[in-house]
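Peer 1: Residue numbers (this note's numbering), protein chains in the order written: chain A, 1 to 565; chain B, 1001 to 1305.
Structure provided below as structure tokens; questions to follow.
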């Protein structure tokens, strides 16, 4: 099956591209690497579209130190065949331009704007060539993910820098949502163009919280440190990102994770889904003014947080993942306690489900709200519950099995309402299914070690990993380097594609529906944008200086190689 | 003569004082109730008083320099207090000579109109959206209030508020008055700005709507206006449509009326807890149906039931 699909793809690409296809090889059992002439990128993309593949993300790599130019790698997934396909376009360093594929795949818009900002390769023919990621006062011509830009480069700030804004259509007025808005927990700026209360269009500016995590990973940290940074990409699905990074690194290095570790990862991933979906239900309730749902779901959620604290030592940000497995085992003594918590959560979740589905006012506020058609969901490459609520049958746990999901297949929770109500239902179904999965995982927990040993990871290997986060599919791409760290580490959080669907979802809706529509994709801007600490006891905010942070990092480091602060 | 004036003045002051002092306390009790239903501890019952005191002590920030804008919050509160003097609280309305049910309808909408004007004047897009929502909800709720009061006037054969209350107390429950009472009860939900009808303020959508530019003493006065308004409306409801039992002694009837008003507000708060917010057009549709049903009450009144 796998071989057939890959072979078919290669045959079709060869016939379409002819000499434009430079190399096609199977890098890993689930990764087909196709190098094409950059001039043929649109033909290659059209062929991939014809093959029914799904665009994931683009990775821009500065390969000049390796003797090349810039690598622009468009990643695709063949979900039915459980394959990833990378279309690699080696762009020359002298003329950093490549045809934009956004006219073919609308969902590639941000990915292309991002490599334009970060690597400095211009997507020619992109419908929206504005800045996406870089701050407004960032100097022109400095592209932070190029290897010759230091990770701690700080440009002087410029007064009065402003983003290029779309001008509102005639006869409309602008209602700003953000940069700070009560129900969006993180900064993002939507300028709604409204006629009366009806939204006719919008303009988005975000990435206010870009933290340079990818750059840190491939220029400062080491293989074993990155999981802890990856976990901090998101405050809710942190374990997802550390798992996804570790899996990509493991695939690149050919490390086989012990079975028990795979099960423990599955347990933690599903516990994360349980508490994340309960959190989302509460926030969704709050957005439409239903605070009772917020208070009750968060009360139900709390025992799950206590449970993860018992297992890992932390409510969140468990710090358990390592390349090669996990560094904390689950003892047999903890299993009955996990079963107890699951039973309580299940009982209360059923009650909440009934309360939600029986509430007619809630139906009135969510049915038909934030519509996203199946076709457009596919075009914009939406992932996770918003995709499944629009009847797009994708779930990384089934399509690209990882951890212990080959033994424990989840149910594919689909709905066809294409609206906010369907997104509620999909998440309620997944909540129940996650409880079942954790239960089955602890019933079948294998014995054995939880961490695989490995030697030096060779340079130039590539690993692509997908993990189904509560918000949708996260993708991590790792290209190994020779100095105990990745040469390139690319993170694509699920909100990255999903947020691009928002303009279509709010067009024609009323202002009252905008917050719940944005909320319905369960947005996580910090993930998408990839330090400040708050003391929980007295709420005081302490901002660390760079020196203090360096001192902290150094005291935590074990002094091994590859550290070049 | 002067003794009568003194008595009227004393009763008016009593009504105003009761509304002014009890409305924050009621709000505190309702918050506590809401918290209990949320499985929360909730703020202390006296928190609304503390909030008000604190806000009153803050700097008065005027985003618009105009005398009318400056006095709007005080005028809004004053209009509700005026309303309190032309409705009965246990006894006859102290300023009954100054207003019948028509006057009640006018004075009752004054505070909302002032809020709308303040919203449009304050220049924030959120306030503008909130103001237009407030206007739409006022336009859809006001007919319900008017129809129910007309039913009362038809039954009692008088436009006097005291006359309607006295007639209802003397004649006992009738179908038309009960129906009208239920319709007015449904209107109180919106008049009190409670879910599912807190659409104009909608924190999560328009960040407090008309109030977004209001802070300090202005915010305190507008909030106090809303607390007083929900109390006055529930008093109007229980005194006109559910006045039984009545002893004729102010010291007994006033506490009873206040207790019944609290029951009304508790019901309003429970509805608030179990509902998400509707959209303004959904709310308008709802009140259109309520207004049409209240016409049924009028039909019953016409045939004398």
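Think of the CB as a built atom: it goes at the ideal place given N, C-alpha and C, for glycine as much as any other residue.
With respect to the alpha helix (DSSP H) encompassing residue 1204/B, which residues constitute its N-terminal and C-terminal limits?
Peer 2: Here residue 1204/B is taken as the residue at index 204 of the second chain, counted from 1. Where residue 1204/B is concerned, the enclosing alpha helix (DSSP H) stretches over 1203 to 1206.
Peer 1: Pair every Cβ in the stretch 253 to 260 of chain A with every Cβ in the stretch 495 to 505 of chain A, then say whether three or more of these pairs are closer than 8 angstroms.
Peer 2: Segments in contact, no.
Peer 1: Which stretch, first to last residue, makes up the alpha helix (DSSP H) that contains residue 217/A?
Peer 2: In the first chain, residue 217/A corresponds to position 217, counting from 1. 213 to 219 is the extent of the alpha helix (DSSP H) around residue 217/A.
Peer 1: Between the stretch 1108 to 1126 of chain B and the stretch 1018 to 1034 of chain B, can you find at least three pairs of beta-carbon atoms closer than 8 angstroms?
Peer 2: Segments in contact, no.
Peer 1: Rounded to whole angstroms, how far is the Cβ of residue 1089/B from the Cβ of residue 1254/B, which I believe are closer than 8 angstroms?
Peer 2: Position 89 of the second chain holds residue 1089/B. Position 254 of the second chain holds residue 1254/B. Indeed they touch by this definition, with Cβ atoms about 6 angstroms apart.
Peer 1: Measuring CA to CA, which of 421/A, 245/A, 237/A is closest to residue 226/A?
Peer 2: Taking the first residue of the first chain as 1, we reach residue 226/A at position 226. The option with the nearest alpha carbon to residue 226/A is 245/A.
Peer 1: Can you tell me whether residue 1065/B is buried or exposed, with buried defined as 16 or more other CB within 10 angstroms of its CB?
Peer 2: Taking the first residue of the second chain as 1, we reach residue 1065/B at position 65. Residue 1065/B is exposed by the Cβ-count criterion.
Peer 1: Evaluate residue 1013/B with the Cβ neighbour count: other Cβ atoms within 10 Å of its Cβ, from every protein chain shown; 16 or more gives buried, anything less gives exposed.
Peer 2: As a position in the second chain, residue 1013/B is number 13, starting the count at 1. By the neighbour-count rule (16 or more Cβ atoms within 10 Å), residue 1013/B is not buried but exposed.
Peer 1: What are the complete alpha helix (DSSP H) segments, minimum 4 residues, inside the stretch 1045 to 1129 of chain B?
Peer 2: Counting only runs of 4 or more, we get 1047 to 1056, 1067 to 1085, 1101 to 1121.
Peer 1: Are three or more beta carbon pairs between the stretch 130 to 141 of chain A and the stretch 160 to 169 of chain A nearer than 8 angstroms?
Peer 2: Segments in contact, yes.
Peer 1: Could you give the DSSP three-state label for residue 356/A: helix, strand or coil?
Peer 2: In the first chain, residue 356/A corresponds to position 356, counting from 1. Helix.
Peer 1: Using a Cβ cut-off of 9 angstroms, which residues of the stretch 285 to 304 of chain A contact any Cβ in chain B, in chain order?
Peer 2: So the close ones are 285, 286, 287, 288, 289, 290, 291, 292, 293, 294, 295, 296, 299.
Peer 1: Just to make sure I have the definition right: I need the residues of chain A whose C-beta is within less than 8 angstroms of the C-beta of residue 1037/B. Which are they?
Peer 2: In the second chain, counting from the first residue as 1, residue 1037/B sits at position 37. The contacting residues are 292.
Peer 1: Using 10 angstroms around the beta-carbon of residue 92/A, count the other beta-carbons present and answer buried if the total reaches 16, otherwise exposed.
Peer 2: Taking the first residue of the first chain as 1, we reach residue 92/A at position 92. Per the 10 Å Cβ criterion, exposed.
Peer 1: Which residues, in chain order, does the stretch 415 to 431 of chain A contribute to contact with chain B at a C-beta distance below 7 angstroms?
Peer 2: Listed by position along the chain: nothing, the set is empty.
Peer 1: Under the three-state reduction of DSSP, which class applies to residue 33/A: helix, strand or coil?
Peer 2: As a position in the first chain, residue 33/A is number 33, starting the count at 1. Strand.
Peer 1: Nearest to residue 1166/B by CA position, among 1035/B, 1245/B, 1034/B, 1051/B, is which residue?
Peer 2: Working through the second chain from its first residue, we reach residue 1166/B at position 166. The option with the nearest alpha carbon to residue 1166/B is 1245/B.
Peer 1: What's the call for residue 1241/B, buried or exposed, on a 16-neighbour Cβ count within 10 Å?
Peer 2: For the purposes of this step, residue 1241/B is taken as the residue at position 241 of the second chain. So residue 1241/B counts as buried.
Peer 1: Determine the DSSP secondary structure at residue 83/A, reduced to helix, strand or coil.
Peer 2: Along the first chain, read from residue 1 onward, the residue named residue 83/A stands at position 83. The answer is strand: DSSP assigns residue 83/A an E or B state.
Peer 1: According to DSSP, is residue 1022/B helix, strand or coil?
Peer 2: Numbered from 1 along the second chain, position 22 holds the residue referred to as residue 1022/B. The answer is helix: DSSP assigns residue 1022/B an H, G or I state.
Peer 1: Note the first and the last residue of the continuous alpha helix (DSSP H) segment covering residue 397/A.
Peer 2: Against the first chain, residue 397/A aligns to sequence position 397. Taken as a continuous stretch (DSSP letters only), the alpha helix (DSSP H) holding residue 397/A covers 396 to 399.
Peer 1: Less than 8 angstroms between the C-beta atoms of residue 345/A and residue 274/A, yes or no?
Peer 2: Within the first chain, the letter at position 345 stands for residue 345/A. Within the first chain, the letter at position 274 stands for residue 274/A. Result yes, Cβ atoms of residue 345/A and residue 274/A sit closer than 8 angstroms.
Peer 1: Among residues of its own chain, excluding the 5 on either side of residue 1138/B, which ones have a beta-carbon nearer than 8 angstroms to its beta-carbon?
Peer 2: What you label residue 1138/B is simply residue 138 of the second chain in a count that begins at 1. So the qualifying residues of the chain are 1109, 1112, 1113, 1116.
Peer 1: Can you give me the C-alpha to C-alpha distance between residue 1197/B and residue 1277/B, rounded to a whole angstrom?
Peer 2: By one-based count along the second chain, residue 1197/B stands at place 197. By one-based count along the second chain, residue 1277/B stands at place 277. Straight-line Cα distance between these residues: approximately 6 angstroms.
Peer 1: May I ask which residues mark the beginning and end of the alpha helix (DSSP H) holding residue 1176/B?
Peer 2: Residue mapping note: residue 1176/B aligns to position 176 of the second chain, counting from 1. It spans 1175 to 1191 - the alpha helix (DSSP H) in which residue 1176/B sits, taken as one unbroken run.
Peer 1: Between the stretch 1186 to 1207 of chain B and chain A, which residues of the former have a C-beta closer than 9 angstroms to a C-beta of the latter?
Peer 2: Hits within the stretch, in order: 1195, 1196, 1198, 1199, 1202, 1203, 1204, 1205, 1206, 1207.
Peer 1: If residue 1072/B sits next to residue 1141/B, beta carbons under 8 angstroms apart, how far is it from one beta carbon to the other, in whole angstroms?
Peer 2: Taking the first residue of the second chain as position 1, residue 1072/B is located at position 72. Taking the first residue of the second chain as position 1, residue 1141/B is located at position 141. Residue 1072/B to residue 1141/B, Cβ: 21 angstroms. No contact.
Peer 1: Rounded to the nearest angstrom, what separates residue 1081/B and residue 436/A at their Cα positions?
Peer 2: Here residue 1081/B is taken as the residue at index 81 of the second chain, counted from 1. Here residue 436/A is taken as the residue at index 436 of the first chain, counted from 1. About 59 angstroms.
Peer 1: Which residue's Cα is closest to the Cα of residue 296/A: 279/A, 288/A, 439/A, 481/A?
Peer 2: Residue mapping note: residue 296/A aligns to position 296 of the first chain, counting from 1. Cα-wise, what sits closest to residue 296/A is 279/A.
Peer 1: For the stretch 180 to 213 of chain A, list every residue whose C-beta sits within 9 angstroms of some C-beta in chain B, in sequence order.
Peer 2: Those would be 181, 182, 183, 194, 196, 197, in chain order.
Peer 1: Please report whether the beta-carbon of residue 1268/B lies at a distance below 8 angstroms from any beta-carbon of chain A.
Peer 2: The residue given as residue 1268/B occupies position 268 in the second chain. Cβ-Cβ to chain A under 8 angstroms: no for residue 1268/B.
Peer 1: What three-state label does DSSP hand residue 1271/B in the structure shown?
Peer 2: For the purposes of this step, residue 1271/B is taken as residue 271 along the second chain, with counting starting at 1. Residue 1271/B: helix per DSSP, three-state reduction.
Peer 1: Would residue 511/A count as contacting chain B if we go by Cβ distances under 8 angstroms?
Peer 2: Against the first chain, residue 511/A aligns to sequence position 511. Answer yes: the Cβ-Cβ gap between residue 511/A and chain B drops below 8 angstroms somewhere.
Peer 1: Quick check on residue 588/A - is its C-beta less than 8 angstroms from some C-beta in chain B?
Peer 2: Look at the range of chain A in this structure, 1 to 565, and you will see that residue 588/A is not part of it.
Peer 1: According to DSSP, is residue 451/A helix, strand or coil?
Peer 2: Residue 451/A sits at position 451 when you count from the first residue of the first chain. It is a strand residue.
Peer 1: Roughly how many angstroms separate the alpha carbons of residue 324/A and residue 1126/B, rounded to a whole number?
Peer 2: Here residue 324/A corresponds to residue number 324 of the first chain, with the count starting at 1. Here residue 1126/B corresponds to residue number 126 of the second chain, with the count starting at 1. Taking the straight line joining both Cα atoms gives about 52 angstroms.
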